[in-house]
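First up is the structure itself, then whatever we jot down about it.
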Amino acid sequence: MSRVDFYHLQTQPLDVVLPKLLEKAYETGKSTVVRIGTEERVDFINSLLWTYNDQSFLPHGAKKDGNAELQPIWLTSGTDNPNLASLLFLVDGASATPEELAGYMRIFNIFDGHSPEAVQQARNFWKSVKASGNDCFYWQQDASGKWKQAGA
Numbered sequence: 061m062s063r064v065d066f067y068h069l070q071t072q073p074l075d076v077v078l079p080k081l082l083e084k085a086y087e088t089g090k091s092t093v094v095r096i097g098t099e100e101r102v103d104f105i106n107s108l109l110w111t112y113n114d115q116s117f118l119p120h121g122a123k124k125d126g127n128a129e130l131q132p133i134w135l136t137s138g139t140d141n142p143n144l145a146s147l148l149f150l151v152d153g154a155s156a157t158p159e160e161l162a163g164y165m166r167i168f169n170i171f172d173g174h175s176p177e178a179v180q181q182a183r184n185f186w187k188s189v190k191a192s193g194n195d196c197f198y199w200q201q202d203a204s205g206k207w208k209q210a211g212a
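Terminal number for the sequence shown in our numbering: 212, no gaps in between.
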């Protein structure tokens, strides 16, 4: 059984939130896959992680960078897990089946609360994940952008 955390973006966009969450994931020493909705967005997030903070460094890579098995954070628009990650981030509409979730210890589903389509996709994913017996947790941002666990 996996733990699935739903992060409902309300006060900050993905390009602000994702690097912070990835820093925390990296600090655990566990490998991570970030599954992204499109290949164009993979390129954007790859660039973002190099430039988001000049005081921080997140080692990561994508298909164009190579050495997938050596990357602690792997960015992809596919279902690959070449670094044998135990953490999976789903962003920009990326999804996973309940069977795929079984290969990960923890899943972070980050969705845009200002997009009705993204909210509906998250609701449907929640139902699917819950029905398959996984533990689900729902997080919302407060006015200052801090995450608070909320009832779903």
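All residues carry an ideal CB built from backbone N, CA and C; glycine is no exception.
Bear in mind the structure is a predicted one, so any value in this text is a computation, not a measurement.
Under the DSSP definition of a beta bridge, Asn169 partners with Phe66 and Leu150. Each residue's CA atom was taken as its position, placing Pro176 and Thr139 some 25 Å apart. Val93 is a Cβ neighbour of Asn141, given a cutoff of 7 Å.
For Ala145, same chain residues with a beta-carbon under 8 Å away, outside a window of 5 residues either side, are Lys90, Ser91, Thr92, Val93, Trp134 and Tyr164 in chain order. Residue nearest to Gly121 within the set Asp114, Pro132 and Thr111 is Pro132 (criterion: CA-CA distance).
For Thr136, the three-state secondary structure derived from DSSP is strand. Selection Leu69, Asp65 and Met61 evaluated against Ala203 yields Leu69 as nearest (Cα-Cα).
Asp172 has its alpha-carbon roughly 8 Å from the corresponding atom of Pro73. In this structure Ile96 does not touch Ser62 by the C-beta definition: roughly 20 Å separates them, more than the 8 Å allowed. One thing to note: Thr71 has its Cβ no nearer than 7 Å to the Cβ of Gly153. For the pair Ile167 and Val76, the CB atoms are not nearer than the 7 Å cut-off. If you look at Lys124, you'll find it isn't in any alpha helix (DSSP H); DSSP assigns it neither H nor E.
The bridge partners DSSP lists for Thr92 are Ile133 and Leu147.
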